[in-house]
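Chains as they are written, first to last, in numbering that gives the first Met the number 0: chain B, 0 to 73; chain G, 0 to 73; chain P, 0 to 73; chain W, 0 to 73; chain F, 0 to 73; chain V, 0 to 73. Here a beta-carbon is modelled for each residue, glycine too, at the ideal position from N, C-alpha and C. The model shown is predicted, which means the values in this text are computed figures rather than measured ones. Take a look at the structure set out below.
Protein chains: 6
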Amino acid sequence: MSSWLPSLITETPEQGYEMAVKLARVAVKMTQPDDEARSRMRPEYAEDAEALIAVSQVVATHFATVAAANDYWR
Amino acid sequence: MSSWLPSLITETPEQGYEMAVKLARVAVKMTQPDDEARSRMRPEYAEDAEALIAVSQVVATHFATVAAANDYWR
Amino acid sequence: MSSWLPSLITETPEQGYEMAVKLARVAVKMTQPDDEARSRMRPEYAEDAEALIAVSQVVATHFATVAAANDYWR
Amino acid sequence: MSSWLPSLITETPEQGYEMAVKLARVAVKMTQPDDEARSRMRPEYAEDAEALIAVSQVVATHFATVAAANDYWR
Amino acid sequence: MSSWLPSLITETPEQGYEMAVKLARVAVKMTQPDDEARSRMRPEYAEDAEALIAVSQVVATHFATVAAANDYWR
Amino acid sequence: MSSWLPSLITETPEQGYEMAVKLARVAVKMTQPDDEARSRMRPEYAEDAEALIAVSQVVATHFATVAAANDYWR
Numbered sequence: 000m001s002s003w004l005p006s007l008i009t010e011t012p013e014q015g016y017e018m019a020v021k022l023a024r025v026a027v028k029m030t031q032p033d034d035e036a037r038s039r040m041r042p043e044y045a046e047d048a049e050a051l052i053a054v055s056q057v058v059a060t061h062f063a064t065v066a067a068a069n070d071y072w073r
Numbered sequence: 000m001s002s003w004l005p006s007l008i009t010e011t012p013e014q015g016y017e018m019a020v021k022l023a024r025v026a027v028k029m030t031q032p033d034d035e036a037r038s039r040m041r042p043e044y045a046e047d048a049e050a051l052i053a054v055s056q057v058v059a060t061h062f063a064t065v066a067a068a069n070d071y072w073r
Numbered sequence: 000m001s002s003w004l005p006s007l008i009t010e011t012p013e014q015g016y017e018m019a020v021k022l023a024r025v026a027v028k029m030t031q032p033d034d035e036a037r038s039r040m041r042p043e044y045a046e047d048a049e050a051l052i053a054v055s056q057v058v059a060t061h062f063a064t065v066a067a068a069n070d071y072w073r
Numbered sequence: 000m001s002s003w004l005p006s007l008i009t010e011t012p013e014q015g016y017e018m019a020v021k022l023a024r025v026a027v028k029m030t031q032p033d034d035e036a037r038s039r040m041r042p043e044y045a046e047d048a049e050a051l052i053a054v055s056q057v058v059a060t061h062f063a064t065v066a067a068a069n070d071y072w073r
Numbered sequence: 000m001s002s003w004l005p006s007l008i009t010e011t012p013e014q015g016y017e018m019a020v021k022l023a024r025v026a027v028k029m030t031q032p033d034d035e036a037r038s039r040m041r042p043e044y045a046e047d048a049e050a051l052i053a054v055s056q057v058v059a060t061h062f063a064t065v066a067a068a069n070d071y072w073r
Numbered sequence: 000m001s002s003w004l005p006s007l008i009t010e011t012p013e014q015g016y017e018m019a020v021k022l023a024r025v026a027v028k029m030t031q032p033d034d035e036a037r038s039r040m041r042p043e044y045a046e047d048a049e050a051l052i053a054v055s056q057v058v059a060t061h062f063a064t065v066a067a068a069n070d071y072w073r
């Protein structure tokens with residue numbers, strides 16, 4: 000059985016950032032599992048600067064976790 | 000007597016993420032223990048992009064804790 | 000003289016979570032010490048999904064601290 | 000010359016929490032140094048649940064710092 | 000193939016801060032990849048104090064990560 | 000060439016707090032570099048309790064970083 004999150008380890012910081020974006024999206028999906036409902040909201044928040052900044056904040060929080068997990072790719 | 004949170008240790012990152020989602024929900028339940036009141040709110044915030052992003056932010060904060068507790072499943 | 004916060008150490012993660020909820024509430028009390036004023040607000044925010052999510056965010060931040068203090072109950 | 004913040008070390012968690020409350024207030028004072036302006040705002044936000052929760056969030060962030068500084072009073 | 004984020008290591012704190020600003024922007028770009036849509040929003044949020052403070056919050060979160068990655072440039 | 004941020008090390012916690020305030024402001028400046036635009040916004044948010052609390056939140060996040068960089072001035 001495959002997992003959407005088998006590990007927090009990535010090869011590069013860039014991949015770590017992409018994982019952070021994914022981690023931010025999954026919680027939205029879990030709270031609103033209806034694909035159509037999410038699609039209806041997309042045009043709305045994608046034109047809303049405050050919503051985009053809020054998304055970026057969630058990504059920043061997850062990126063901190065992924066970066067620590069990878070010992071900052073040092 | 001069983002606990003809803005016997006431990007922060009999980010076998011996989013995915014289970015850790017699910018624990019983070021649960022940790023985010025329990026505080027809402029403790030602040031608004033009335034099941035009906037919470038049910039009334041659900042359709043509202045489940046269609047509200049900003050509320051969904053805010054939920055995702057809470058999950059991100061808890062995921063950081065759970066991930067650290069599990070030494071990032073390294 | 001008794002303290003409302005003699006220690007951050009708890010026996011279980013669940014008690015740590017309860018401490019986080021308490022830590023979140025005390026700052027509200029310190030900023031608005033009038034019991035009646037807080038009671039007037041309660042029905043309002045207890046029906047407001049965004050306020051409940053914001054409370055959950057504060058709890059998440061305190062839970063991170065309490066969990067670290069307890070070395071994640073490992 | 001005395002300092003409003005000579006050290007982050009406190010004797011007890013409770014004093015650490017009080018320091019966190021103070022740390023949250025000073026930034027407001029530095030951004031709005033006019034005492035009268037701040038007094039005008041007080042009745043407003045002290046009756047606003049969302050503002051009180053936001054204050055509690057700032058306190059939580061500072062408490063994390065003060066708690067770490069004190070090695071969690073362990 | 001070049002990466003937009005080959006490493007979190009910077010020579011100076013100032014460069015680390017600039018990286019944090021960049022990290023904050025990329026998530027916005029990934030969520031709203033349409034350049035024109037983002038340009039339309041810019042005048043709006045650049046005149047909105049709350050949006051600017053929210054951007055600063057995201058930068059602060061990323062700066063914490065970059066600073067830790069660089070062992071605080073000590 | 001001088002830098003606005005040569006180091007995160009400060010002699011005292013109070014100076015560290017002032018650095019945190021500065022770190023919070025620079026991101027606003029970088030996002031809205033027009034001095035006049037920022038001046039227009041100032042009277043507005045300086046009278047807005049929620050904006051002041053949001054500024055305080057950003058300062059709290061940066062203070063955590065600066066405090067860690069200075070090993071909490073222990």
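Close CB contacts of residue 54 (chain P) within its chain, under the 7 Å cut and outside five residues either way in sequence, are with 23 (chain order).
Rounded to the nearest whole angstrom, the C-alpha separation of residue 58 (chain G) and residue 27 (chain B) is 10 Å. At a cut-off of 8 Å, the C-beta of residue 11 (chain V) has no neighbouring C-beta in chain F. In the structure shown, the three-state DSSP call for residue 8 (chain B) is coil.
Between the C-alpha atoms of residue 50 (chain G) and residue 40 (chain G) there is a straight-line separation of about 11 Å.
With fewer than 16 other Cβ atoms inside 10 Å of its own Cβ, residue 3 (chain V) counts as exposed.
Straight-line measurement puts the Cα of residue 48 (chain P) at about 8 Å from the Cα of residue 43 (chain G). Under a criterion of Cβ atoms nearer than 7 Å, no residue of chain V is adjacent to residue 43 (chain F); the nearest Cβ is some 12 Å distant. By the CB criterion at 8 Å, residue 45 (chain V) and residue 31 (chain W) fall inside the cutoff. Setting aside the 5 residues that flank it on each side, residue 37 (chain F) is surrounded in the same chain by 27, 28, 31, each with a C-beta closer than 8 Å to its C-beta; the list follows chain order.
When DSSP states are grouped into helix, strand and coil, residue 73 (chain B) belongs to the coil group. When DSSP states are grouped into helix, strand and coil, residue 42 (chain P) belongs to the helix group. Taking a Cβ-Cβ cut-off of 7 Å, the neighbours of residue 56 (chain V) in chain F comprise 56, given in sequence order. Listed along chain P, no residue sits closer than 9 Å to residue 4 (chain W) by beta-carbon distance, the nearest being about 18 Å off. By the criterion of a C-beta distance shorter than 6 Å, residue 7 (chain P) is surrounded in its chain by 65, 68, once the five residues flanking it on both sides are discounted. For residue 51 (chain V), the C-beta contacts it makes with chain W under 7 Å involve 27, 30, 31, in order along the chain.
Distance from residue 9 (chain G) to residue 63 (chain P) at the Cβ level is roughly 17 Å; contact not present, criterion being Cβ atoms closer than 8 Å. Taken atom to atom, the span from the alpha-carbon of residue 34 (chain W) to that of residue 25 (chain P) is near 25 Å. The beta carbon of residue 70 (chain V) is closer than 7 Å to none in its chain, skipping five residues each way along the sequence.
Not flagged as an interface residue toward chain F: residue 37 (chain B), since no C-beta distance is shorter than 8 Å. Residue 1 (chain P) has its alpha-carbon roughly 46 Å from the corresponding atom of residue 20 (chain F).
Within chain F, the residues whose beta carbon sits less than 7 Å from that of residue 66 (chain B) are 7, 64, 68, listed in sequence order.
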